[in-house]
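Heads up, the thing below is written out as structure tokens.
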Amino acid sequence: MTLSRAELADRIAPDALPWLDAALAEAAAPAGHTAPDTAAPWELRFAAAGRHCGQDHADAVRTLLLQEAEAGLATLTRLYHQGTAAERRAVLLALPPLGTGLGALPLVEDALRTNDTRLVAAAVGPYAAAHLGAHGWRHAVLKCLFTEVPLDAVADLAVRARGDAELARMLRDFAAERTAAGRPVPADLHRALELTGEES
Numbered sequence: 000m001t002l003s004r005a006e007l008a009d010r011i012a013p014d015a016l017p018w019l020d021a022a023l024a025e026a027a028a029p030a031g032h033t034a035p036d037t038a039a040p041w042e043l044r045f046a047a048a049g050r051h052c053g054q055d056h057a058d059a060v061r062t063l064l065l066q067e068a069e070a071g072l073a074t075l076t077r078l079y080h081q082g083t084a085a086e087r088r089a090v091l092l093a094l095p096p097l098g099t100g101l102g103a104l105p106l107v108e109d110a111l112r113t114n115d116t117r118l119v120a121a122a123v124g125p126y127a128a129a130h131l132g133a134h135g136w137r138h139a140v141l142k143c144l145f146t147e148v149p150l151d152a153v154a155d156l157a158v159r160a161r162g163d164a165e166l167a168r169m170l171r172d173f174a175a176e177r178t179a180a181g182r183p184v185p186a187d188l189h190r191a192l193e194l195t196g197e198e199s
């Protein structure tokens, strides 16, 4: 969820407001819209958001900075690959309103290759629901089950799972592998299977 500056002001500590306003001003200034391969001054603020505004609000602050700067694909890619896990998560969460089209799919695919549950959960949000192809999306659902990321994190799960016989097959195969290995089958798997309409 994207928060406005006013909404953030109600949540962060009062002594963090001057820092937030300065950061947003830097991002919105013409100097904040630099050449694609050049880091802008506000990007230092992006990295420091958790320290100044609190870790609980860092994602929201970073998302707002990206929107104020009208960050393009090159900037998002640089921030993602150079950032910490928390900064990468913020980039993924900020993708839906930034209008990158299919261009940011490599970032989502990279996150889904990790076993960092924070990144996996962020990667299966609304951007993935809108842009991941069927094959990649099915594997993203399986990745969530494998890493124990709740399927509630998967945006539009019910819509995309409906009538997906191939997803149902993959879910059954995964359940069979878990059972054969003496491991429990995640409850979320049964829910996903029911959503496909292909439950056994």
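For what it's worth, numbering that gives the first Met the number 0 labels the leading residue of the sequence shown as 0, then goes sequentially.
The beta carbon of each residue, even a glycine, is placed where N, CA and C say it ideally should be.
### Query
Can you tell me whether DSSP reads Ala129 as helix, strand or coil?
By 1-based counting over the sequence shown, the position of residue 129 is 130. If DSSP states are grouped into helix, strand and coil, Ala129 belongs with the helices.
#### Entry: Top-ranked residue by Cα proximity to Pro183, from Ala152, Ala127 and Phe173
Taking the first residue of the sequence shown as position 1, residue 183 is located at position 184. For Pro183, the nearest C-alpha among the options comes from Phe173.
### Query
In this structure, does DSSP put Leu94 in helix, strand or coil?
Reading the sequence shown from its first residue, position 95 is the one you call residue 94. Correct three-state label for Leu94: coil.
### Query
So what does DSSP say about Leu2, is it helix, strand or coil?
Translated into positions along the sequence shown, residue 2 becomes position 3. The answer is coil: DSSP assigns Leu2 none of H, G, I, E or B.
### Distance between Leu63 and Thr116 (C-alpha atoms, nearest Å)
Indexing the sequence shown from 1 puts residue 116 at position 117. Indexing the sequence shown from 1 puts residue 63 at position 64. About 23 Å.
### Message
For the alpha helix (DSSP H) containing Pro183, name the first residue and the last one.
### Response
Position 184 of the sequence shown, counting from 1, holds the residue named residue 183. Careful: Pro183 lies outside any alpha helix (DSSP H) and carries neither H nor E.
### Message
Can you tell me whether Thr83 is helix, strand or coil according to DSSP?
### Response
Stepping through the sequence shown from its first residue, residue 83 is reached at position 84. In the three-state reduction of the DSSP assignment, Thr83 falls in the coil class.
### Task
Give the single residue among Asp58, Ala122 and Val140 whose Cα lies nearest to the Cα of His189.
Position 190 of the sequence shown, counted from the first residue, corresponds to residue 189. Answer by Cα proximity: Val140.
#### Entry: Assumed close pair Leu156, His130 - CB separation to whole angstroms, cut-off 8 Å
The residue labelled residue 156 in the question sits at position 157 within the sequence shown. The residue labelled residue 130 in the question sits at position 131 within the sequence shown. That belief does not hold up - the Cβ atoms of Leu156 and His130 are roughly 15 Å apart, past 8 Å.
### Query
Measuring CB to CB, does Leu19 end up less than 8 Å from Cys52?
By 1-based counting over the sequence shown, the position of residue 19 is 20. By 1-based counting over the sequence shown, the position of residue 52 is 53. Here Leu19 is near Cys52, since their CB atoms are less than 8 Å apart.
### For Glu176, three-class secondary structure by DSSP
For this step, residue 176 is matched to residue 177 along the sequence shown. The three-state secondary structure of Glu176, taken from DSSP, is helix.
### Message
Which same chain residues end up closer than 8 Å to Thr113 when comparing Cβ atoms and leaving out the 5 residues on each side of it in sequence?
### Response
As a position in the sequence shown, residue 113 is number 114, starting the count at 1. Val119, listed in sequence order.
### Task
Would you mind working out which of Glu147, His134, Asp151 and Ala179 sits nearest Met169, comparing C-alpha positions?
Within the sequence shown, residue 169 is the residue found at index 170, counting from 1. Checked all of Glu147, His134, Asp151 and Ala179; the closest Cα to Met169 is His134.
### Task
Excluding the 5 residues preceding and the 5 following Thr99 in the sequence, name in chain order all residues of the same chain whose CB lies nearer than 6 Å to its CB.
One-based indexing of the sequence shown puts residue 99 at position 100. Only Leu72 meet the Cβ criterion.
### Query
Roughly how many angstroms lie between the CA atoms of Asp109 and Leu144, to the nearest whole one?
Sequence index remark: in the sequence shown, residue 109 carries index 110 (1-based). Sequence index remark: in the sequence shown, residue 144 carries index 145 (1-based). Distance between the alpha carbons of Asp109 and Leu144: 17 Å.
### Task
For Thr146, collect the residues of the same chain with a Cβ closer than 8 Å to its Cβ; drop the 5 residues on either side in sequence, then sort them by chain order.
By 1-based counting over the sequence shown, the position of residue 146 is 147. The beta carbon of Thr146 sits closer than 8 Å to the beta carbons of Asn114, Thr116 and Val119 from its chain, once the five residues preceding and following it are set aside; these are given in chain order.
### Query
By DSSP, does Thr99 sit in helix, in strand, or in coil?
Along the sequence shown, read from residue 1 onward, the residue named residue 99 stands at position 100. It is coil, neither helix nor strand.
### Message
Just to confirm before moving on: does the CB-CB distance between Gly132 and Ala85 stay below 8 Å?
### Response
Residue 132 sits at position 133 when you count from the first residue of the sequence shown. Residue 85 sits at position 86 when you count from the first residue of the sequence shown. No, the Cβ-Cβ distance between Gly132 and Ala85 is not below 8 Å.
### Member of Ala24, Thr76 and Arg77 whose CA lies at the smallest distance from the CA of Val60
As a position in the sequence shown, residue 60 is number 61, starting the count at 1. Ranking Ala24, Thr76 and Arg77 by Cα distance to Val60 puts Ala24 first.
### Query
Taking all protein chains shown into account, do 16 or more other C-beta atoms lie within 10 angstroms of the C-beta of His56, making it buried, or fewer, making it exposed?
The residue given as residue 56 occupies position 57 in the sequence shown. With 16 or more other Cβ atoms within 10 Å, it is buried.
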